[in-house]
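If you number the sequence shown the way this note's numbering does, the last residue is 1235 and the count never jumps.
By construction, the Cβ of each residue, glycine as well, lies at the ideal position given by its N, Cα and C atoms.
The block underneath contains the structure these notes are about, expressed in structure tokens.
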Amino acid sequence: MVIRQATPSDIDEIFGIYKQIAQTHFDNAPNAFNPPSQEDKRFLLSKIQDDAWWFAVADLKGQIVGYTMARLDKNETVPFLTNALICRLNTIVVDQSIQTKGIGRALIDACKKWAEENGAVEVRLEVMSFNQNAVGFYEHIGFEKLSHTMCLSL
């Protein structure tokens, strides 16, 4: 398996994997997420082509089996927050049919390397509370809880 930069020609395979996680999010939190659509495909393609984003894929024998996208962020507006450079891991998805084979860890390791090479001091991500498999995975590889995002439906 190779972790490499995504290219526009990868978009159809990326979108196939994306639809898995997008549908799961919509099914579990329809007030927060929309069902997957072609608009999402255009969004993903725009991030592949945007130099502000690090967009990588896990390529297993020519087949895309996972992807991740991240960006660097530095607080410059809120005085009580540090202005340390942070890697925001926006998305990491592994095809449901091949999870628990080390692909997620390889994507995280590649993201950590990219973040370190670019001066970030930590990697942060958000995960939905209903996604307990992902929560367990992140905790297993060393992520710690930093905050809780809560909502009150009206």
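- No Cβ-Cβ contact shorter than 8 Å links Ala1137 with Met1082.
- If only complete runs of 3 or more residues are kept, the stretch 1098-1131 shows no beta strand (DSSP E) anywhere.
- In this structure, Gly1147 places its C-beta atom within 8 Å of the C-beta atom of Val1175.
- The C-beta of Cys1232 has fewer than 16 other C-beta atoms within 10 Å across all chains shown, which makes the residue exposed.
- Under the three-state reduction of DSSP output, Gln1180 falls in the coil class, being neither helix nor strand.
- Looking only at Arg1152, Gly1097 and Leu1206, the smallest Cα-Cα distance to Asn1199 is reached by Arg1152.
- Lys1155 has Leu1166 as its beta-bridge partners, per DSSP.
- Close CB contacts of Val1208 within its chain, under the 7 Å cut and outside five residues either way in sequence, are with Ala1215, Val1216 and Tyr1219 (chain order).
- For Gln1119, there are no CB contacts under 6 Å within the same chain when 5 residues up- and downstream are skipped.
- Close CB contacts of Lys1155 within its chain, under the 8 Å cut and outside five residues either way in sequence, are with Asn1164, Ala1165, Leu1166 and Ile1167 (chain order).
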